[in-house]
Amino acid sequence: MQVKHLLLIAILALTAACSSKEVVDENLSEVELYQQAQNDLDNNSYTSATAKLKALESRYPFGRYADQAQLELIYANYKNAEPEAAKSAAERFIRLHPQHPNVDYAYYLKGLTSFDQDVGLLARFLPLDMTKRDPGAARDSYNEFAQLTSRFPNSRYSPDAKQRMIYLRNLLASYEIHVADYYLTRQAYVAAANRGRYVVENFQETPSVGDGLAIMTEAYQRLHLDDLAATSLETLKLNYPDHPSLADGQFTPRVDEADNRSWLSKATLGLIESRPPLPPGETRANQDVQRQFQDAKEAIPNELKPKDENGDVIEEEEPESESSDRSWFSYMTFGMFD
């Protein structure tokens, strides 16, 4: 059934795209235009209704139905799956009629358009996880509904807007958790901890707060920030004792620690290491910076190097290297069996 629905939608969309633009009779009066537009809206003929409402607004800009035509044009564009046109019409109405008794309806339709904009044709018929998609439209919808509820708390549309805001807030929090999980898998522990803390600080009372605390705990443990990890873990245990990351009171990481060894090292079970392991606190990036600094220092011309009283270049003393106690067997096997 889903495939049939998609094919039907594609056929209807192609038919609508190939159809000629409707021409509105220029001899229609204001009342006739408005009545025909209403009939088109009742019959779900939103393209025809949009054409008549635009004609009504342009031909009779100061008529008795001008304001109502602008409002219903927002609705017609919204139902006709034209979100940008609907939001543009809503913003225009709000700008031109900020004190209109029905301006709250324009705010509501603007938020509703962004709310449905993220739900495309595929999402309507396929089981897509909305928390893993770009949250831009969801964030816009949340902000637009927030404007409605703050400016018009007694509006008839405020209760529905508040319920949608709860859903959107949960969705945005879940999206942040997915991003934090990605950072954990990429070993970007600082970014993961910041995302988890952002959820805890900005999305209170959402189901994702416990996940945010778990991510903070895991990231701080990977960074060996024991105090921060212990604080996050205690908060998690106190507020979310049944969280999946807690098993018998013990914390279980969400992501296994990555194996950073090269393929050669893994294939030879560590007998051949392509690069020596890093000492504690050292990173490859730090080694690269030090190597670049050394190369740049060696490239300095002798004329610019410091000289002694006799005009000779002062050579820096190299640190004494540790004496090697390796055996002849170690040299013969290139250190493989040290």
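Residue numbers for the sequence shown follow UniProt numbering, so the first one is 1 and each next one is one higher. Ideal placement from N, C-alpha and C gives every residue a C-beta, glycine not left out. Computed from a predicted structure; not experimentally measured.
query: Cross-strand partners of Phe251 (DSSP beta bridge); result: Leu246
query: Straight-line gap, residue 347 to Leu171 (C-alpha atoms, nearest Å); result: Given that the chain is displayed from residue 1 to residue 338, the structure contains no residue 347 and the question cannot be resolved.
query: Delimiting residues of the alpha helix (DSSP H) encompassing Phe177; result: Reading off the sequence, residue 177 comes out as Ile, not Phe. First-last of the alpha helix (DSSP H) with Ile177: Ser158 to Thr185.
query: Cβ contact (3+ pairs, closer than 8 Å) linking the segment 147–164 and the segment 193–205; result: no
query: Cutoff 8 Å: Leu33 Cβ touching any chain C Cβ; result: The displayed structure is made up of one protein chain only, and chain C is not part of it.
query: Segments of 3+ residues assigned as beta strand (DSSP E) that fall wholly inside the segment 26–98; result: none
query: Reduced DSSP category for Lys110 - H, G, I as helix; E, B as strand; rest coil; result: helix
query: Between the CA atoms of Leu213 and Thr235 - distance to the nearest angstrom; result: 8 Å
query: Nearest-angstrom Cβ-Cβ length linking Ile74 and Ala86, presumed shorter than 8 Å; result: 5 Å
query: 8 Å Cβ cutoff met for Leu53 and Ala76; result: yes
query: Cβ-based burial, Leu122 [other Cβ within 10 Å; buried from 16]; result: Confidence at Leu122 is low in this model, with a pLDDT of 45, below 50, so the placement of that residue should be treated as unreliable; the coordinate-derived value is given next. Its Cβ having fewer than 16 others within 10 Å, Leu122 is exposed.
query: Pair within 8 Å by beta-carbon distance, Tyr34 and Tyr78; result: no
query: Exposure label - Asp140; buried when at least 16 CB within 10 Å; result: buried
query: Boundaries of the alpha helix (DSSP H) in which Ser236 is found, first to last residue; result: The question names Ser, yet the displayed sequence has Leu at residue 236. Where Leu236 is concerned, the enclosing alpha helix (DSSP H) stretches over Asp226 to Asn239.
query: Extent of the continuous alpha helix (DSSP H) to which Gln221 belongs; result: Val209 to Arg222
query: Other residues of its chain near Leu233: CB distance less than 7 Å, five sequence neighbours each side excluded; result: Thr217 and Phe251
query: Pairwise C-alpha distance: Pro61 and Ser155; result: 27 Å
query: Test item: CB-CB of Leu184 and Val255 under 8 Å; result: yes
query: Cutoff 6 Å; reference Ile177; Cβ partners in own chain excluding five residues on either side; result: Ser208 and Asp211
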